[in-house]
Amino acid sequence: MSDGSERVTAWIVSHTHWDREWYLSYGRFRVDLARMVHALLDRLEHDPEFKHFVLDGQALLLRDHLQFYPEDRARIRRLVKEGWLSLGPWYILPDEFLVSGEATVRNLLAGHQLCRELGGEVKVGYMPDSFGHLAQIPQLLRGVGIDNFIYTRGNGDELEELGSDYLWRAPDGSEVLACCQVDGYCNAGGLGYDEIWEAHTRRNVHTDKAVERVGKLLEKLTARSNSPVLLINNGCDHFPAQKDFHQIITALREAFPEINFQHGSHRRYLDGLRKADVQRKVFRGELLGGRYNFILSGVWSARLYLKQWNERAQTLLESRLEPLAAAAHFLHGVEYPTGMLRWAWSRLMENHPHDSICGCSIDTVHTEMVARFSEVVESAEQQLHRSLRDLLPFFAPEKAQDTDTALAVFNSLPWRRSQVVSRLVILLPGQPHIETMDLVDEDGVSVPFELVERHWLERFWAIDYRAQLDLDSQLLQRDTYLDRMGDRIRRTDAPEDGADQFAVIRFLADDVPGLGHRRYFLKEKAEPSLAVAPAPRNPVVADGNTLSNGLVRVQLAADGTFLLEDLRNGRRYPGQNLLEDIEDAGDEYDYSPAATSTRITSAGVAGHVSLLQDGGLAGVLEARFELELPRALGEDRQARCTETLACPVRVLLRLDADSPLVQVETRFDNRVEDHRLRALFPSDLDCTRILSDGQFVVNDRPVTPPEGKDWAQPPTGTVPQQDFSLLQQGGQGLVVFNQGLPEMAALQEEHGTTMALTLLRAVGWLSRDDFPTRNHCNAGPTLHTPDAQCPGEHTLRYAVQPLVGDWRKAKLKRTSLGWRAPLMLRQGVAEGSVAGGQGLLELEGPEIVISAVKRHEERDSLVIRVYNQSDDPRPAQLRLGVTASVAWRLNLLEERMVELEMTDPRCLSLLLRGHEITTVEIELP
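The C-terminal position of the sequence shown is numbered 918 in the working numbering, with every residue numbered one higher than the one before it.
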C-alpha cells in the first residue's frame, strides 16, 4: 500500500514467544527457558552486532528464570536499562476473552511492577498470539501510558482496506496505533533452515535460504503496509536467539540493497511508523475475525471446569475479599492483607495465559492449573474468614457468653441490597429450641425467619461449621461426616441432652448497606411481641411443579425444561432449558460436527419432578431424568457410534421472593465422550443482534455471522461472554446469566431466536487436522488428552430473567454481581461484635458498573474503579461512609493524574464519557 516514493526500512526484531505451559508442562518448559535466557544474556553481553531481543512481552518469564539463575538479576537489570533487552508490559500474555476486565488491569499493573524491579518496562502493547482482542484494549493500553498495539490474530476482511498499520479506536474514543504482524509473529523465525523447527537443532544456517524466504515475505509486507516501514519477526514459539544473525543480515543487505535492514526493537519500528507521513484509517470494535489466522473459538468451551474455577477465584478476589477487606480496614481498623492479595492475584494470573485458561494443553498442565486455582481460592476464603471474624468473633471472653448468638449479614458490593439469606446455625446445649426464638435486628425489630431443617447432633471433634463462607459449603461438610462416620455421630430429629442444634434458617436481609453489614440476634421470644419487619412484597408460592412470586411464574417439566411467564406483562417463554447434545469431532481448540451428525435433546424424556423447598422466601423444584447418549464417535470419527450410555441429570430451579431471576443448577454426570452439551433458551423474539457482557463493555454482535469466504477459519456462530447475554425486541427481552460458562450462540429458528449456552464440550485431542471447522489444519501438536473428555459429574449454574424496557436501565450487571457474590450470613457471638450501620461505599448511577474497590498498592488510601456501560456521558456518585480529605483521578497503574474537586467530603461526583473506565483514589483521615 505504500506509494514507494521513499526507501523502505525493514526492522528485524529478534524475539521468542514463550508459552509457559502447553504441549509440555510448566516444569519442563521452565528448564528450557532458563537455559535459553542464560545463553541469551551471554549473547547480548558479548556480541555487539546482536542489537536487541524481545522477551515476549510478559515479565513473569524472568521471575521463572531467576529461580534457576538468581545470579543473573544484575545482568538483566543492566541489559534492560541499556536497551539491549525488552521486558513487559504484561505480567503474562492472557487470553483476553476468558478472564475478567479487572484481571487484565491487574495483569498490566503486576507486569509494570515486576519490570521496574528488573530495569524497566517497554511501552509497547505487544500481544503476539492471543486468540482475538477486546474492543477496550486501546483504552486499557492508554491507561498505562501505551499508545500502540502489535498483534497477529483477529482481523476479518477489514484489513484489506485498513492495511497492516491503522488506528484502532476503543468504545470510549481512545486510540492506539495498531500493527498487524503480516504472516504472524513467526514470519521470519528460524531463518536459513529448510524447516522452521530446525532453529531448535544444531543444523547449519544457509544464508541463501534466508534470502529466499525474506524475499517472499517482503512482497507480502509491502503489499499490506501503509508505510515504508516494515516489521520482520525473527523468532517463534520457544525459539532461542537466531544463530549466525550477523551473516544473515549481511546477506539480506547485499541481496536487497533498496531495503534498509535494521536490527532493533519494537519501539524503534514504531518510532519509524510514527514518523511516516501517512493518513491512516480508523477501526472500531473487537478483533475476532479469522481471515488470515485461526481464531480458535472452541477454546471458550474446552475444559469448562477451568473456566468455572477461574470465575470462582476472580469473583472471590474482586467482589468479596478486596472490597470487604477495604471496608474492614477503613471503617474498623482491621489490617488490610496487601501481601496476601498480591500473591493471590499473581498466582491466579499464572493460569491466565492463552494455552492455560483456554484449556488447549496437555492433561498435566491442566491438572496443575486446578491445584493453583484451589490454592488461590482456599487462601482467599481463609483470609476473608479471618477479616470478617475480626468484626464478628466466634467466641466470647467468657464461656457463658457463647450462648448469646449474633448473626451478621455482610454486603461486599457498593449498593444497598435486600436478599434472601440462609445459614446453618449451631446452637449449644442449653440454648432454647430455635423455633421458640426471635431473630431481632439492631433496632429491636423482629425479623421473621423460616426453619428449613433442623437436626440434633452430638458434637464431633469440634468441627467448625461457622468458618465456612456459605450454606452449601456448610452442608457439604456436615453431610460428609453424617454419611461417612454415621456410626460415630448420634443424629436424631428429637431433642437430646448434650446435643447441638444444627438448624438451617432463612430470612430476608433487608437494606444491607453497601460495603457494610447488619447484625441480628437470636433471643428467646419477648413478651409482649416485638415490632415485626415487613414481609416480602412478592412472596414465593409453590403449587405442584410451579413456583411464582408475583413477578414471574415457572413451571418445571420432568425433562428439565420449564415455562417462564413474566407476570408483569403476560409474556410467556416456553421450553426454556432444553438440553441439546451433539457429537464433537474437533479438538481442544475447536468444535466440529461429524460428517453424519446426530442431535439428541431432552424433550419428552421421562423423569420426575419434586418440590424440594417450599416457603414464602424461596422455593426449589427438582427434575431428575437420564439422557441416553452415544458412547463416543465411531472409529472412523465420521459419526457417533451405536452403543449408548445413560447419563443422569438433575435440574434444580430456585425462585426467591421479590426477584424475577430464575436460578438454574444443572448437574450432569458425563459418562460418554466426543460430544457437546448445550442448554437452549428459545423465544419468539425476531432478533438480528445478540448482546453479550464483555470486559468493560457489552458487545453488540450479529446473530448471523459473516460468511467468512476464503478465511483461514470461518466464524462458527458462537461468541464469548462474561456475565450474561440477552436478546431484545421492542422493549421485551430475555437474559441468560452464567457462572463460568463463557460460550453462547444465537440461533435463528422458525418461530424466533434461541440462545444456546454451552454446558460441556468433551474431546480427546489437543489438536487434529481432520475436521472442517478449521479447514482440516492442525493448530498444535496432535497429542492425546483423555482428561479433556471431562468425565464425571458437572455442576453448571446459570439463570434466566425476562427483560422489560431498555437493558441499559435494567442494572443487569448489578443483578449478575448480586447473584455471583450474594450477601453473606455469618454466625458469631454478640460480645465483641461490631455494630452495623453506615457502609464504606454506595455507588449511584444505573449505568455505572463497579470493577474494583481496594487499598492503594503503595499508600493507605482507597482505590475505586468504575466504568460507564452507556454510549453517552453519565454521572456517577461515590457516597462514602467516612469523611474524605482529598481525591485524585488515577491511571491504571495507580499513579496520580489530577486532583478532583469534592464539594461534599462524603460524596465524590464524577462524569464519565461513554464507555469510559475511571479509577480514583480517595484519601481518608
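We put the CB at the ideal spot given by N, CA and C, even for glycine.
Annotated as proximal: Trp293 and Leu91, with beta-carbon spacing under 8 Å. Note that the C-beta distance between Gly733 and Lys300 is below 8 Å. In this structure, the CA atom of Gly825 is about 8 Å from the CA atom of Leu384. The Cβ atoms of Glu615 and Leu605 lie closer than 8 Å to each other. Straight through space, the alpha carbons of Pro567 and His322 are spaced by roughly 49 Å. Under a 10 Å Cβ-count criterion, Lys268 is classified as exposed, with fewer than 16 other Cβ atoms of the shown protein chains found around its own Cβ. Secondary structure at Ile130: helix, using DSSP grouped into helix, strand and coil. For Asp201, no beta strand (DSSP E) encloses it; the enclosing alpha helix (DSSP H) starts and ends at Thr200 to Arg217. In the structure shown, Glu89 adopts coil according to DSSP, grouped into three states. Around the beta carbon of Val525, fewer than 16 other beta carbons sit within 10 angstroms, so the residue counts as exposed. Residue state for Pro779 is assigned as helix, using DSSP reduced to three classes. In the displayed model, Ser380 falls within a helix according to three-state DSSP. Secondary structure of Phe232 (DSSP, three-state): coil.
In this chain, the alpha helix (DSSP H) harbouring Phe61 covers Leu53 to Phe61. Taking C-beta atoms as the reference points, Gln494 and Ile427 count as a pair closer than 8 Å.
Here the stretch 800 to 818 lies against the stretch 396 to 403, with 3 or more beta-carbon pairs under 8 Å apart. Each of Leu245, Asp897 and Leu377 was checked against the Cα of Asp463, and the nearest Cα belongs to Leu377.
Taken in chain order, the unbroken stretches of beta strand (DSSP E) that lie wholly in the stretch 481 to 506 and span 3 residues or more are 493 to 505. The three-state reading of DSSP puts Cys172 in strand, counting E and B together.
When only Cα atoms are considered, Gly228 and Glu581 end up about 25 Å apart.
Counting the other Cβ atoms within 10 Å of the Cβ of Leu678 gives 16 or more, which makes it buried.
Taking C-beta atoms under 8 Å as the contact rule, Leu720 and Thr746 qualify, at a distance of about 5 Å. For Gln725, the three-state secondary structure derived from DSSP is strand. Contact between Ser157 and Val175 holds, since their C-beta atoms are separated by about 5 Å, short of 8 Å. Counting C-beta pairs with one atom in each stretch, the stretch 645 to 659 and the stretch 698 to 711 have fewer than three that are closer than 8 Å, which means they do not touch. Using a Cβ distance threshold of 8 Å, Asp667 and Val534 do not count as a contacting pair. The three-state secondary structure of Asp472, taken from DSSP, is helix. Just measuring C-alpha positions, the residue of Leu833, Gly579 and Ala588 sitting nearest Gln782 is Gly579. Leu805 sits in a helix when the DSSP states are folded into three classes. Contact between the stretch 274 to 287 and the stretch 782 to 792 is absent: fewer than 3 CB-CB pairs across the two stretches fall below 8 Å. In the structure shown, Thr398 adopts extended strand secondary structure according to DSSP, grouped into three states. Comparing alpha carbon positions, the residue from Lys847, Ser902 and Lys392 closest to Gly332 is Lys847. Counting only unbroken stretches of 3 or more residues, the beta strand (DSSP E) elements lying wholly within the stretch 848 to 914 are 855 to 861, 867 to 873, 879 to 883, 889 to 893 and 900 to 905, in sequence order.
Using a Cβ distance threshold of 8 Å, Ala52 and Cys108 count as a contacting pair. DSSP places Ala639 in the uninterrupted beta strand (DSSP E) bounded by Thr637 to Asp649.
Distance between Lys392 and Trp449, taken at the CA atoms: about 21 Å.
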